[in-house]
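Using my numbering, you'd call the opening residue of the sequence shown number 1 and step up by one each time. The structure appears right after this line, and notes come after that.
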Amino acid sequence: MTPNEFEYLIRKTIVYLDFHDDDTAKSLAADWRRVLPRVRTLTAKPLERDRESGTNATQQGDDD
Numbered sequence: 001m002t003p004n005e006f007e008y009l010i011r012k013t014i015v016y017l018d019f020h021d022d023d024t025a026k027s028l029a030a031d032w033r034r035v036l037p038r039v040r041t042l043t044a045k046p047l048e049r050d051r052e053s054g055t056n057a058t059q060q061g062d063d064d
């Protein structure tokens, strides 16, 4: 799964949880909203490093 696919899955999960009214869904959605910026930060760092070194991490393989 690529970083973009993982981020999409998180965003999709948040949207799904937003349609549920129970406290657990609200809590999970809030947790994922806090995680999403961290995921973006973590995935941006390797991409920046790869750009600086002239390589592309997405071409090195998938860690499904």
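Yeah, the Cβ is synthetic: ideal placement off N, Cα and C, and Gly gets one too.
### Pick from Asp31, Ala44, Asp21 that is closest to Arg11, judged by C-alpha positions
Of Asp31, Ala44, Asp21, the residue nearest in Cα terms is Asp31.
### Message
Distance check for Thr13 and Asp22, CA to CA, integer angstroms please.
### Response
Whole-angstrom Cα-Cα distance: 15 Å.
### Query
By how many angstroms is the C-alpha of Phe6 removed from the C-alpha of Tyr16?
Distance between the alpha carbons of Tyr16 and Phe6: 15 Å.
### Query
If you count every other CB in all the chains shown that lies within 10 Å of the CB of Asp64, and 16 or more means buried, which is it?
Confidence at Asp64 is low in this model, with a pLDDT of 47, below 50, so the placement of that residue is unreliable and no value is reported for it.
### Query
Hey, quick one: how far does the alpha helix (DSSP H) through Thr13 stretch, first residue to last?
Annotation: the continuous alpha helix (DSSP H) that includes Thr13 extends over 3-18.
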